[in-house]
Amino acid sequence: MGKIKISKKHKRSPRKFMLSNGLQLIPHDPSHIFKNHKEIKLALAESLFDGDREAFIEILAGYVRTHNILEVCRRTGLSRTVVYEATGKQGNPSLDTLCKIMTAFDKSAA
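Residue numbers for the sequence shown follow the UniProt record's numbering, beginning at 1 and rising by one.
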């Protein structure tokens, strides 16, 4: 049996990639979206009015991940397990848990 030929290791692309027409591609950072508390509140309210439970949980989970889950837990008094379960894919948070996490929005904005 002969040796199997493998391809070379790919080179790393630069952080800012220049296209042939002079445009630059830069990495997208979605975490800056979750820093705008007014936009998050509007998105959460809209998902509630639309009855889109999955969107609500995704937005809430994105907020918690962006704002450091330990900080959210400290401000809300909830354990990490409760917050992880509430914001998981199969999460079904209680109204009390939602209220505590939502009040962390205003506390973190101050």
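Don't be surprised by glycine CBs; every beta carbon is placed ideally from N, CA and C.
The model shown is predicted, which means the values in this text are computed figures rather than measured ones.
Exposed or buried, residue 139, counting other C-beta atoms within 10 Å across all chains shown (16 or more means buried)? Here the chain has residues from 1 to 110 only, and residue 139 is not among them.
In the structure shown, what three-state DSSP assignment does Leu25 receive? The three-state secondary structure of Leu25, taken from DSSP, is strand.
Distance between beta carbons of Ala104 and Val72, contact taken as under 8 Å: Contact between Val72 and Ala104 holds, since their C-beta atoms are separated by about 5 Å, short of 8 Å.
In the structure shown, what three-state DSSP assignment does Ser47 receive? Of the three classes helix, strand and coil, the one that applies to Ser47 here is helix, per DSSP.
Classify Ile69 as helix, strand or coil using the three-state DSSP reduction. The answer is helix: DSSP assigns Ile69 an H, G or I state.
Going by beta carbon distance, what residues of the same chain come within less than 8 Å of Val64, once the five residues before and after it are set aside? The answer, listed in chain order, is Val72, Val83, Thr87 and Ile101.
Give a yes or no on whether the C-beta atoms belonging to Thr66 and Leu78 are separated by under 8 Å. Cβ distance not < 8 Å, so Thr66 and Leu78 don't count as in contact.
Quick check: the Cα distance between Leu60 and Leu44, rounded to an integer number of angstroms? In this structure, the straight-line span from the alpha carbon of Leu60 to that of Leu44 is close to 8 Å.
Cα separation between Ile40 and Asp50? If you take the alpha carbons of Ile40 and Asp50, they lie about 15 Å apart.
Over what stretch of residues does the alpha helix (DSSP H) that includes Thr81 continue unbroken? For Thr81, the enclosing alpha helix (DSSP H) has its first and last residue at Arg80 to Ala86.
Grouping DSSP H, G and I as helix and E and B as strand, with all else coil, what is Asp52? Judged by DSSP in its simplified three-state form, Asp52 adopts coil rather than helix or strand.
Give the straight-line distance between the Cα atoms of Glu54 and Ile26, rounded to the nearest whole angstrom. Distance from the CA atom of Glu54 to the CA atom of Ile26, rounded to whole angstroms, is 29 Å.
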